[in-house]
Amino acid sequence: MSEVRVRIAPSPTGNLHVGTARTALFNYLFAKHHHGKFILRIEDTDLERSEEKYVQDIYDGLKLLGLHWDEGPDVGGPYGPYVQSQRLDLYLEYAQKLLDSGKAYYCYCTPEELDAEKQKAIESKQNYVYSRRCCDPEVAQKLSQDPNRKRALRFKIPDDPKTIVLEDMVRGTVTFETALIGDFVLIKSNGIASYNFAVVVDDTCMKINHVIRGEDHVSNTPKQILLYQALGEPIPTFAHVSMILAPDRSKLSKRHGATAVAEYIRNGYLPEAFSNFLVLLGWSPPNGEEMGTLEHFATDFTLSRISPSPAIYDQEKLNWINGYYIRQTPLPELLEKAKPFLLAYDLTQYPTEKLLLMLEAVREPITTLSELPNAVSYFFESVPSYEGDVYDTVLKTDDTFNVLRQFQEKTLPGLSFESPEAISAQVKAFAGELKPLKMKTIMWAIRSALTGRVHGADLGKTFYILGKEKVTFRIEKALQEISCQFS
Ligand code: GLU
230 MSEVRVRIAP SPTGNLHVGT ARTALFNYLF AKHHHGKFIL RIEDTDLERS EEKYVQDIYD
290 GLKLLGLHWD EGPDVGGPYG PYVQSQRLDL YLEYAQKLLD SGKAYYCYCT PEELDAEKQK
350 AIESKQNYVY SRRCCDPEVA QKLSQDPNRK RALRFKIPDD PKTIVLEDMV RGTVTFETAL
410 IGDFVLIKSN GIASYNFAVV VDDTCMKINH VIRGEDHVSN TPKQILLYQA LGEPIPTFAH
470 VSMILAPDRS KLSKRHGATA VAEYIRNGYL PEAFSNFLVL LGWSPPNGEE MGTLEHFATD
530 FTLSRISPSP AIYDQEKLNW INGYYIRQTP LPELLEKAKP FLLAYDLTQY PTEKLLLMLE
590 AVREPITTLS ELPNAVSYFF ESVPSYEGDV YDTVLKTDDT FNVLRQFQEK TLPGLSFESP
650 EAISAQVKAF AGELKPLKMK TIMWAIRSAL TGRVHGADLG KTFYILGKEK VTFRIEKALQ
710 EISCQFS
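Under our numbering, the letters of the sequence shown match residues 230 to 716, in that order.
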């Protein structure tokens, strides 16, 4: 096989969508598996809806997910430019070839006339195809005299073949009747190439040999196959990947949560976790190992393991994978990723060593980085705020007062803050002396005074991170709070 060349060809009419990112991943993994090239092409021929800010979002999102392209608008390559709006002359050149060989013709029908044709077809419950009125040179010649008419270039669907067979790598054999297609537009009346034409010219010129894209493009494929045939160019291998559906099997939309890649990252999903999740939406690793890097997945990636059934978006699975990545990420790296989420806090009040320990102590139950501010809040507040009913039911009790006072008198003054383990041992020894009070009562009393909660990070680590001064202050403060009640 010659070098594999695949592309992702997003239209910059919105932010990078989850579905596009997943298709990009599949293309990337396929290219890497075959040591081929992954190309980025920006399809901005919809001039009205395309915006530069979306182009930037596409670049940023793909890069975040680790999808670096070998050729593209910003990095160049041998078959550029890689932006469709900069290739308009090329489309006209190819259009001329089809015109010269009688495979295309100018159409002078107005939008109103075409609408009327369509309406008629709807009324008579017929499949609409263009009437081919302008395919007759005499009619076209006559209409062309009218200065109010603009011309578009149409492809003339050949009489043969009558059936187009698509051997799709995901969907299997799909057939289309050419009679149902109709002479479609190649160059619109504003001089811009249509999607189907631009794609075929670009994929031909960029030597793309595998087209891996969303299932929503299956219906465009027979038109594109006819164009390859008309131009005498090789037809690429097609693989149409199923849509990503919401759990209720409806189209994935805003109402199911975020749909833009950048939004997931802003919401605290790690890019590596998110791309791992996306890879599993429709593809399954042969060894069943669902966690891995892109390099790892690329080794096993084949189109035959892409499922033809729709992939169902599973938020819980994404959260689980993200939690796994949060726990696996080396702490210094995690700290860098966490910083944008902790802007509300003055991190300089702790040395890096303690910040790393803090993350280690709180990361176990966390599923997204956006949960971090709450998980670490008590380390940064001067006095912890009390969660739920902890203030009334745990702190303000006789038992807690008793525990804290004894702790303050007996243990705290001599407590060594050498290490979390040493602190745990000393606190346990203190608790042992307070029998018959239950261990839970003692631990809750101390924990609630220090953190305002009854669950959370390891207590030894919490003491160690807070340090003697803060611990002493918080125990004293809690005792004052409780005594107010008794006075
Ligand atoms: N520009 C098209 C889209 O964003 C993709 C075209 C293709 O992959 O052929 O859906």
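Ideal placement from N, C-alpha and C gives every residue a C-beta, glycine not left out.
Q: State the Cα-Cα distance for the pair Tyr308 and Val233, rounded to the nearest angstrom.
A: Here the C-alpha atom of Tyr308 lies approximately 15 Å from the C-alpha atom of Val233.
Q: Give a yes or no on contact between the segment 278 to 297 and the segment 242 to 253, applying the rule of three or more CB pairs nearer than 8 Å.
A: Segments in contact, yes.
Q.
Taking the straight line between their C-alpha atoms, what separation do you get for Ser423 and Cys336?
A. Rounded to whole angstroms, Ser423 to Cys336 spans 14 Å at the Cα level.
Q) Looking at the unbroken beta strand (DSSP E) that takes in Arg234, where does it start and where does it end? A) First-last of the beta strand (DSSP E) with Arg234: Arg234 to Ile237.
Q: Mind listing which residues have their beta carbon within less than 6 Å of any non-hydrogen atom of the ligand GLU? Chain order is fine.
A: With the criterion CB distance below 6 Å from any heavy atom of the ligand GLU, the matching residues run Ala238, Pro239, Ser240, Glu272, Val428, Arg442 and His446 along the chain.
Q) Can you name the start and end residues of the alpha helix (DSSP H) that Val247 belongs to? A) Membership of Val247 in the alpha helix (DSSP H) is indicated by the continuous run Val247 to His262.
**Q.** Nonlocal neighbours in the same chain, by C-beta distance under 7 Å from Lys191, ignoring five residues either side
**A.** The chain is shown from 230 up to 716; residue 191 falls before or after that span and cannot be answered.
Q: Would you mind giving the Cβ-Cβ distance between Ala253 and Leu296, rounded to the nearest angstrom? I have them listed as a contact below 8 Å.
A: With a Cβ gap of about 5 Å, Ala253 and Leu296 count as contacting.
Q. Whole-angstrom Cβ separation of Ala678 and Leu641, contact assumed at under 8 Å?
A. That pair is no contact at about 11 Å.
Q | 7 Å Cβ shell around Lys667 - same chain, five flanking residues per side excluded | A | Cβ neighbours of Lys667 within its own chain (closer than 7 Å, five residues either side excluded): none.
Q) Which word fits Asn551, buried or exposed, when buried means at least 16 other C-beta atoms lie within 10 angstroms of its C-beta? A) Buried, by the Cβ-count rule.
Q. What first and last residue would you give for the alpha helix (DSSP H) that runs through Phe608?
A. From DSSP, the alpha helix (DSSP H) with Phe608 extends over Leu601 to Phe609.
Q. With 16 other CB atoms within 10 Å as the buried threshold, where does Gly696 fall?
A. The residue in question, Gly696, is exposed, as its Cβ has fewer than 16 Cβ neighbours within 10 Å.
Q: Taking Ile671 and Val619 to be in contact with their CB atoms under 8 Å, please state how far apart those CB atoms are, rounded to whole angstroms.
A: Actually they do not touch by this definition, with Cβ atoms about 15 Å apart.
Q | Span separating the alpha-carbon of Tyr663 from that of Phe608 | A | Strictly speaking, residue 663 in this sequence is Leu, with Tyr absent from that position. Going by the C-alpha atoms only, they are around 27 Å apart.
Q.
According to DSSP, is Val700 part of a helix, a strand, or is it coil?
A. In the three-state scheme derived from DSSP, where H, G and I count as helix and E and B as strand, Val700 is classed as helix.
Q.
If you measure between the beta carbons of Ile595 and Leu586, is that distance less than 8 Å?
A. Judged by beta-carbon spacing, Leu586 lies beyond the 8 Å limit of Ile595, meaning their Cβ atoms are not closer than that value.
Q. First and last residue of the beta strand (DSSP E) that includes His525?
A. In the DSSP annotation of this structure, His525 is not part of any beta strand (DSSP E); the continuous alpha helix (DSSP H) holding it starts and ends at Leu523 to Asp529.
Q. Alpha carbon to alpha carbon, what distance is there between Gly511 and Ser521?
A. The sequence shown places Gly at residue 521, not Ser. So the alpha carbons of these two residues sit roughly 16 Å apart.
Q: Report buried or exposed for His439, applying the criterion of at least 16 other Cβ atoms within 10 angstroms of its Cβ.
A: Looking at its Cβ environment, which holds 16 or more other Cβ atoms inside 10 Å, His439 is buried.
Q: Go ahead and label Lys690 buried or exposed: buried means 16 or more other beta carbons lie within 10 angstroms of its beta carbon, across all protein chains shown.
A: Burial call: buried.
Q: Pick helix, strand or coil for Tyr693, following the three-state DSSP scheme.
A: DSSP places Tyr693 in the helix class (H, G or I) of the three-state scheme.
Q. Is it buried or exposed for Gly661, if we count other Cβ within 10 angstroms and need 16 for buried?
A. Gly661 is exposed by the Cβ-count criterion.
**Q.** Element boundaries [beta strand (DSSP E), containing Leu415]
**A.** Val414 to Ile416 is the span of the beta strand (DSSP E), which, as asked, contains Leu415.
Q: For Ala540, count neighbouring Cβ atoms within 10 angstroms of its own Cβ and tell me buried if that reaches 16, exposed if not.
A: A buried status is given to Ala540, since no fewer than 16 other beta-carbon atoms sit within 10 Å of its beta-carbon.
**Q.** Within 8 Å, strictly: CB atoms of Leu688 and Ser653
**A.** Taking 8 Å as the Cβ cut-off, Leu688 and Ser653 qualify as a contacting pair.
Q: Please decide whether Cys363 counts as near chain C, where near means a Cβ-Cβ distance under 8 Å.
A: Any reference to chain C falls outside this structure, which holds one protein chain only.
Q) How is Tyr579 classed by DSSP in three states: helix, strand or coil? A) DSSP places Tyr579 in coil when its eight states are reduced to three.
Q.
Quick check on Gly685: does DSSP put it in helix, strand or coil?
A. DSSP places Gly685 in coil when its eight states are reduced to three.
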